[in-house]
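Undergrad: Below is the structure I would like to discuss, written out as structure tokens.
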Amino acid sequence: MTPQALQDYLHGHIPLSKAMAVEVRTASPKGFCLVAPLTPNINHRDTVFGGSASAVTIIV
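UniProt numbering puts the sequence shown at residues 1 to 60.
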């Protein structure tokens, strides 16, 4: 599966991944790398929202 195909799957099946702007940087049979930018995942203290940080690890 290509990184774009995995990203499309996540965004299509897990709407939160799209709202968080999760991006699949790499994908291979051995693993994958997800990233999420700070801007849509920021809290009132201008740091990463803990729920977003944990959601990225739980999504897949």
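Where a beta carbon is used, it is the ideal one built from N, C-alpha and C, also for glycine.
(1) Give me the DSSP bridge partner(s) of T26.
(2) Going by beta-carbon coordinates alone, are P3 and A19 separated by less than 8 angstroms?
(3) If we count the other Cβ atoms within 10 Å of its Cβ and call it buried at 16 or more, is S54 buried or exposed?
(4) To the nearest angstrom, report how far apart F32 and S52 are at their CA atoms.
(5) If you draw a straight line from the alpha carbon of Q7 to that of I58, how long is it in whole angstroms?
TA: In terms of the structure at hand:
(1) T26 is bridged by DSSP to C33.
(2) Not in contact: P3 and A19 (Cβ atoms no closer than 8 angstroms).
(3) Burial call: exposed.
(4) Taking the straight line from one Cα to the other gives about 18 angstroms.
(5) Distance between the alpha carbons of Q7 and I58: 15 angstroms.
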